[in-house]
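Here the UniProt record's numbering is used: the first residue of the sequence shown is 1, the next is one more, and so on. All residues carry an ideal CB built from backbone N, CA and C; glycine is no exception. Shown next, in structure tokens, is the structure this report addresses.
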Amino acid sequence: MAAWNSGLFNCFDDCGICLYGYCCAPCLFGENAEKIDGIHMGKREALRNRYGLEEDCNDCLATTFCAPCAICQEARELKYRSAAPG
Numbered sequence: 001m002a003a004w005n006s007g008l009f010n011c012f013d014d015c016g017i018c019l020y021g022y023c024c025a026p027c028l029f030g031e032n033a034e035k036i037d038g039i040h041m042g043k044r045e046a047l048r049n050r051y052g053l054e055e056d057c058n059d060c061l062a063t064t065f066c067a068p069c070a071i072c073q074e075a076r077e078l079k080y081r082s083a084a085p086g
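Structure, rendered in structure tokens:
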């Protein structure tokens, strides 16, 4: 299993996504959902399955108690994966 390219609280790895996620999290959520089908926790699981990311019990905690951070992490991962060769 692969690791996420950035941690849950590494929002400043991409300041644009960070600002967008905190100013308009529903919009960023919608953009992520367009790329990965499903509702929030299901979407996160689909993202992990698509890219072989590590699975742990933190998904439920992250999406429940720190949804903006989780949404930003998903957006950073999607951005990285779409830019990565192959």
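Query	Result
So Asp56 is in the alpha helix (DSSP H); what residue range does that whole segment cover?	Note, Asp56: premise wrong, no alpha helix (DSSP H); not H, not E.
Please state whether DSSP places Ala3 in a helix, a strand or coil.	coil
For Glu77, which residues from the same chain have a beta carbon less than 8 Å from its beta carbon, with the 5 sequence-adjacent residues on both sides left out?	Trp4, Asn5, Ser6, Leu47, Tyr51 and Leu53
Take Leu28 and list the residues in its own chain whose beta-carbon comes closer than 8 Å to its own, dropping the five residues that flank it on each side.	Ile17, Tyr20, Gly21, Ile71, Cys72 and Ala75
In the structure shown, what three-state DSSP assignment does Asp37 receive?	coil
Drop a sphere of 10 angstroms on the beta-carbon of Ala62, count the other beta-carbons inside from all chains shown, and report buried for 16 or more, exposed for fewer.	buried
Could you name the residues of the same chain whose beta carbon sits closer than 6 Å to that of Asp14, not counting the 5 residues immediately before and after it, in chain order?	Arg76
Pick helix, strand or coil for Gly52, following the three-state DSSP scheme.	coil
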